[in-house]
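J.: Got a structure here, written out as structure tokens. Questions coming.
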Amino acid sequence: MKRDLKSTAVTIGWLLVLLVGLTPVSGLAQTEIPLRKNKYSPGDDVQLGRQAAAEIEKKLRLVRDPETNNYLQRVGSRLTEAIPEQFQHSQFQYYFKTVDAKEINAFALPGGPMYVNTGMILAARREGEMAGVMAHEIAHVALRHGTAQATKAAPYQTLGALGQIGGAVLGGVLGEVLGQGSQLGVGVYMLKFSREYETEADILGAQILARAGYDPRNLAEMFRIIESQGKGGGPAFLSSHPSPTNRYQRIEQEARALRIEGGERDSREFSRIQARLRDMPASPTDERNGREPDRGGSGTGGRLGRVELPSSRFRTYSDNNLFSVGIPDNWTDLPGQDAVWFAPEGGYGEAQGRATFTHGVNVGFAQAQTRDLRRATSEFISSLQRTNGSLRQRAAPQRGTLAGRNSYYTSFSNVSEATGGAEVVELLTTQLRNGGLFYLITVVPQSESRNYQRLFQRIAGSLQIRD
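Okay, so the sequence shown: first residue is 37 according to the numbering used here, each after it adds one.
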């Protein structure tokens with residue numbers, strides 16, 4: 037009997053040794069990541085990040101919707117609070133901004149600034165997948181990979197000369213900005229990280245996810261989504277983030293060593309934000325290169341350029357004598373003698389010596405020679421065409437209602453004086469009690485007309501006429 041017990045113990049011992057030998061190291065404990073040699077201080081990271089962010093935000097079109105940005109900040113704060121203590125830097129100031137761009141991309145700068153494209157948010161299937169990409173980028177910042185890579189690549193460079201090391205790889209408007217590395221002092225940070233650094237960011241990103249209450253496998257899943265949607269050209273994210281074949285397996289291997297703190301988080305708020313972004317007008321693009329058109333020029337108290345997204349919050353504009361109307365609270369009022377324009381920043385200015393609008397709504401009234409609404413509308417259309425030679429009526433006016441009154445709706449195509457591109461002009465007309473013609477005109481680039489349709493309907497629906 038004693039002999040049998042001893043034999044059994046020996047057998048069990050050998051089995052345990054075999055099992056340990058077959059079990060991946062990460063199955064026993066999470067991976068320890070060393071901090072790389074870095075001749076720069078955390079304060080230098082902060083300086084570089086601030087400098088880069090100031091330049092980048094001159095070019096990027098940021099989403100101004102407070103609800104979306106507050107949500108992204110909450111997710112980001114949850115992740116940064118989950119950074120392991122050894123990688124916390126008291127000088128770093130993490131903040132998160134949404135970029136209005138359809139490309140699947142996100143990036144973070146030294147010291148904490150981070151930018152997430154709407155395309156990335158919309159491509160994710162759940163909050164954890166979006167959070168996974170954010171955690172990966174936060175890991176690069178926490179591990180100070182930017183200045184660590186600068187230390188390794190150019191040990192004799194000063195902080196001010198960092199930008200002379202290579203160019204940027206993120207492409208598009210961002211690539212144009214960051215490609216000026218010698219001027220910005222951040223070019224080196226935007227170089228492709230080595231596979232070793234990418235693996236470290238994947239591992240720490242997975243650890244941050246689990247500590248923040250997300251399944252770390254979401255990071256691997258998001259990379260799969262990014263790669264699948266990048267067939268035939270590849271999203272911008274893949275151009276700066278190499279994707280070796282064993283990348284997903286390494287994240288999932290690390291995940292087996294981790295415990296999700298507090299259970300996995302709900303994605304209902306994420307779904308609501310996705311729906312909100314889908315309802316927002318898309319950003320304007322130039323069909324030739326995917327960039328927003330450079331409209332140039334200034335005037336009318338504004339400057340034509342990149343157009344700010346309309347706020348989801350409305351305010352009421354009131355003309356005490358005649359009407360009131362609801363407009364986005366980030367649009368500007370530009371009153372005239374018998375009319376007022378409402379337009380976003382970047383959507384109005386001067387072109388060819390004339391005040392012009394690329395996006396906006398014009399509300400006003402005109403004298404009419406007849407009390408027949410259809411005839412008065414036709415006369416008004418003729419006057420518009422005399423001053424806008426490229427204005428082409430698409431179809432005969434259609435009957436409808438405006439502010440509870442009989443109205444006519446007419447749609448036009450036009451060539452913008454500011455951009456040279458096609459635009460859609462829509463006209464709503466109704467008659468005042470004194471016989472005058474009341475009108476509401478909307479204008480928007482043809483490529484964006486579908487995205488602005490709901491906004492213009494909301495504005496027209498809010499109109500009240502007092503005569």
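For each residue, glycine too, the CB sits at the ideal point set by N, CA and C.
Remember, it's a predicted structure, so these values are computed and weren't measured experimentally.
Quick one: what does DSSP say Lys133 is sitting in, helix, strand or coil?
T.: Taking the sequence shown and counting its residues from 1, the one referred to as residue 133 is at position 97. Three-state DSSP puts Lys133 in a strand.
J.: Are there 16 or more other CB atoms within 10 angstroms of the CB of Ser21, so buried, or fewer, so exposed?
T.: Only positions 37 to 503 of the chain appear in the structure, and residue 21 is not among them; the question remains open.
J.: Straight-line CA distance for Gly436 to Asn450?
T.: Walking along the sequence shown from the start, residue 436 turns up at place 400. Walking along the sequence shown from the start, residue 450 turns up at place 414. Between Gly436 and Asn450, the C-alpha separation is close to 23 Å.
J.: Would you identify the three-state DSSP class for Leu491, choosing helix, strand or coil?
T.: As a working mapping, residue 491 is identified with position 455 in the sequence shown. Helix at Leu491.
J.: Report all residues from its chain with a CB closer than 6 Å to the CB of Leu240; omit the five preceding and five following residues, and keep chain order.
T.: Residue 240 sits at position 204 when you count from the first residue of the sequence shown. Ile69 and Ala175.
J.: Let me check one thing: in DSSP terms, what residues is Gly436 bridge-paired to?
T.: Working through the sequence shown from its first residue, we reach residue 436 at position 400. Gly436 is bridged to Ser443.
J.: Three or more C-beta pairs closer than 8 Å, one from the segment 102–109 and one from the segment 118–126: is that the case here?
T.: Cβ pair count under 8 Å is below three, so no.
J.: May I have a chain-ordered list of the beta strand (DSSP E) segments no shorter than 3 residues that lie completely inside the segment 110–172?
T.: Segments of the beta strand (DSSP E) lying fully in the segment 110–172: 131–135, 142–144 and 149–153.
J.: When you compare only the Cα positions, how much space is there between Ala237 and Asp355?
T.: On the sequence shown, residue 237 is found 201 positions in, with the first residue counted as 1. On the sequence shown, residue 355 is found 319 positions in, with the first residue counted as 1. Each residue's Cα considered, the two are about 57 Å apart.
J.: Relative to the alpha-carbon of Arg351, which residue among Thr368, Lys188 and Asn357 has its alpha-carbon at the smallest distance?
T.: Translated into the one-based positions of the sequence shown, residue 351 becomes position 315. Ranking the options by Cα distance to Arg351, first place goes to Thr368.
J.: If you draw a straight line from the C-alpha of Tyr131 to the C-alpha of Gly112, how long is it?
T.: Within the sequence shown, numbered from 1, the residue matching residue 131 stands at position 95. Within the sequence shown, numbered from 1, the residue matching residue 112 stands at position 76. Spanning the two alpha carbons is a distance of roughly 7 Å.
J.: Tell me where the alpha helix (DSSP H) around Gln83 begins and ends.
T.: As a working note, residue 83 is residue 47 in the sequence shown. Note, Gln83: alpha helix (DSSP H), Pro78 to Ile92.
J.: Return yes when the Cβ of Ala291 is within less than 8 Å of the Cβ of Arg253, no when it is not.
T.: Counting from one through the sequence shown, the residue named residue 253 turns up at place 217. Counting from one through the sequence shown, the residue named residue 291 turns up at place 255. It is a contact, given that the beta carbons lie within the stated cut-off.
J.: When you compare only the Cα positions, how much space is there between Gly199 and Val99?
T.: The sequence position of residue 199 within the sequence shown is 163, counting from 1. The sequence position of residue 99 within the sequence shown is 63, counting from 1. Note on Gly199: pLDDT 40, under 50, position unreliable in the model; the coordinate value appears next. Approximately 28 Å, taken between the alpha carbons.
J.: To the nearest angstrom, how far is the alpha carbon of Lys138 from that of Tyr250?
T.: Within the sequence shown, the letter at position 102 stands for residue 138. Within the sequence shown, the letter at position 214 stands for residue 250. Going by the C-alpha atoms only, they are around 25 Å apart.
J.: Suppose the cutoff is 7 Å on Cβ atoms and the five residues either side in sequence are ignored; what does the same chain contact list for Gln421 look like?
T.: For the purposes of this step, residue 421 is taken as the residue at position 385 of the sequence shown. Result list for Gln421: Leu427, in chain order.
J.: By DSSP's criteria, Asn398 is part of a beta bridge. Which residues make up the other side?
T.: Here residue 398 refers to the residue found at position 362 when the sequence shown is read from its first residue. According to DSSP, which records beta bridges pairwise, Asn398 is partnered with Trp377 and Ile477.
J.: What are the residues that DSSP puts in a beta bridge with Tyr384?
T.: Taking the first residue of the sequence shown as position 1, residue 384 is located at position 348. Tyr384 pairs with Phe393.
J.: Quick check: Phe416 and Tyr475, are their CB atoms within less than 8 Å of each other?
T.: As a position in the sequence shown, residue 416 is number 380, starting the count at 1. As a position in the sequence shown, residue 475 is number 439, starting the count at 1. Contact flag set, yes.
J.: How about Gln467 and Ala412: are their beta carbons less than 8 Å apart?
T.: To locate residue 467, count along the sequence shown from 1; it is residue 431. To locate residue 412, count along the sequence shown from 1; it is residue 376. Taking 8 Å as the Cβ cut-off, Gln467 and Ala412 qualify as a contacting pair.
J.: CB-CB under 7 Å to Ala65, same chain, minus the five flanking residues each way: which ones, in chain order?
T.: The sequence position of residue 65 within the sequence shown is 29, counting from 1. Closer than 7 Å at Cβ, skipping near neighbours: Ala293.
J.: Once DSSP output is grouped into helix, strand and coil, what is the label at Asp101?
T.: Counted from its first residue, the sequence shown places residue 101 at position 65. Here Asp101 sits in coil by DSSP.
J.: Where does Gln265 fall in DSSP's three states?
T.: Taking the sequence shown and counting its residues from 1, one reaches residue 265 at position 229. It is helical.
J.: Tell me which residue opens and which closes the alpha helix (DSSP H) that Ser241 is part of.
T.: Taking the first residue of the sequence shown as 1, we reach residue 241 at position 205. It is worth fixing the name first, because residue 241 is Gly in this sequence and not Ser. Residues Arg231 to Arg247.
J.: Helix, strand or coil: which one does DSSP assign to Ala458?
T.: One-based indexing of the sequence shown puts residue 458 at position 422. Of the three classes helix, strand and coil, the one that applies to Ala458 here is strand, per DSSP.
J.: Would you mind sorting Thr478 into buried or exposed? The rule is 16 or more other CB atoms within 10 Å of its CB.
T.: As a working mapping, residue 478 is identified with position 442 in the sequence shown. That one is buried.
J.: Could you check whether Thr187 and Lys75 sit closer than 8 Å to each other, using their CB atoms as the reference points?
T.: Residue numbering aside, residue 75 sits at position 39 when the sequence shown is read from its first letter. Residue numbering aside, residue 187 sits at position 151 when the sequence shown is read from its first letter. Contact flag set, yes.
J.: Determine the direct distance from the alpha carbon of Ser418 to that of Glu386, and round the result to whole angstroms.
T.: Indexing the sequence shown from 1 puts residue 386 at position 350. Indexing the sequence shown from 1 puts residue 418 at position 382. Their Cα atoms are separated by approximately 24 Å.
J.: Can you tell me which of Gln129, Gly85, Pro433 and Thr394 puts its alpha carbon nearest to the alpha carbon of Gly341?
T.: As a first step, residue 341 must be located in the sequence shown, where it is residue number 305. When only C-alpha atoms are compared, the closest one is Thr394.
J.: If you drop the 5 nearest sequence neighbours on each side, which residues of the same chain put their C-beta closer than 7 Å to that of Pro280?
T.: Taking the first residue of the sequence shown as 1, we reach residue 280 at position 244. Interpretation of Pro280 is limited by its pLDDT of 47, a score under 50 that renders its predicted location unreliable; no figure is taken from the coordinates.
J.: Whole angstroms is fine: what's the gap from Phe462's alpha carbon to Ala496's?
T.: Locating residue 462 in the sequence shown gives position 426, where the first residue counts as 1. Locating residue 496 in the sequence shown gives position 460, where the first residue counts as 1. The sequence given here places Glu at residue 462; Phe does not occur at that position. Cα-Cα distance, rounded: 11 Å.
J.: List the whole-angstrom C-beta distance separating Val152 from Leu108, where the pair is believed to meet the contact cut-off of C-beta under 8 Å.
T.: For the purposes of this step, residue 152 is taken as the residue at position 116 of the sequence shown. For the purposes of this step, residue 108 is taken as the residue at position 72 of the sequence shown. Contact flag correct, Cβ pair sits at about 6 Å.
J.: For Leu409, which three-state DSSP category applies?
T.: As a first step, residue 409 is located in the sequence shown; it is residue number 373 there, counting from the start. In the structure shown, Leu409 sits in a helix (DSSP, three-state: H, G or I).
J.: Tell me, to the nearest whole angstrom, how far the beta carbon of Ala246 is from that of Glu297; I am working on the premise that it is less than 8 Å.
T.: Start at 1 with the first residue of the sequence shown, and residue 246 comes out as number 210. Start at 1 with the first residue of the sequence shown, and residue 297 comes out as number 261. Rounded, the Cβ-Cβ distance is 6 Å, consistent with contact.
J.: Could you tell me which of Arg162, Glu93, Ala171 and Ala160 sits nearest to Val135, measuring between CA atoms?
T.: Looking up residue 135 in the sequence shown gives position 99. Here the closest residue by C-alpha is Glu93.
J.: Could you check what DSSP says for Asp366 in three-state terms: helix, strand or coil?
T.: Here residue 366 refers to the residue found at position 330 when the sequence shown is read from its first residue. For clarity, residue 366 is Asn in the given sequence; the question names Asp instead. In the structure shown, Asn366 sits in coil (DSSP, three-state: anything other than H, G, I, E or B).
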